[in-house]
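In the UniProt record's numbering, the protein residues as written are 1 to 159. Yeah, the Cβ is synthetic: ideal placement off N, Cα and C, and Gly gets one too. Working notes, structure below.
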Amino acid sequence: MQVKSRHHLRSDEVKEIETTLADALGVDLDGDSYELVEFTDSDVELVLVDGDPLVFYVDEEPFLTVRGANEHPPSKGVVTVDAGAISFVSDGADIMRPGITEADESIAAGDLVVIVEETHGKALAVGRALEPGSDLVGDSGKVVESVHHVGDELFEFSV
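Dropping the structure here:
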């Protein structure tokens, strides 16, 4: 990922990010420095919080990166998968119902969610729910579309 530009965010932009993440994920992101990074070869916009790639924009909506979710574990908007799903999710596969062991009931279809593994609670991916949280656990069907995962270009990005 080739960096096109980097600039510090205004205080109102920082407040919007912090408020959005607090409302969606129950996360208190309290950094001293917020920088927006734009890339020449990607539509992704990344926010460095105190120099770490913790937030990115998905359809103009700020959300935690996988690294961000591991540094600031969310209390809402979480979908938990079993050990059998880890390798698939980590490779960027969409999440299927049989691999899900638990999902936040407050998730609505279309919401961004954090995918975590059940043993250690580590974030593996960020996805978009295709169904409400109450319908994510079950026997068949794709229910979360992967947006960003461990090992992708965004995860590997460093300053």
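Practice item. Return yes when the Cβ of L112 is within less than 8 Å of the Cβ of R97, no when it is not. Key: No. Outside cutoff.
Check your understanding: In the DSSP assignment, what are the bridge partners of H7?
Key -> L36
**Study point:** Proximity of P73 and G121 at Cβ, strictly below 8 Å
**Key:** It is a contact, given that the beta carbons lie within the stated cut-off.
Point to revise | Contacting residues, own chain, Cβ-Cβ under 6 Å from A69 (five flanking each side not counted) | key: V114 and A123
Check your understanding: Do S146 and I95 have their CB atoms nearer than 8 Å?
Key -> A contact, by the Cβ cut-off of 8 Å.
Review point. Buried or exposed: V116, going by 16 or more other Cβ atoms within 10 Å of its Cβ?
Key: buried
Practice item. Take the Cβ of G110 as the centre, count every other Cβ of all protein chains shown within 10 Å, and call the residue buried at 16 or more, exposed below. Key: exposed
Check your understanding: Between which two residues does the alpha helix (DSSP H) containing S90 stretch?
Key -> I86 to S90
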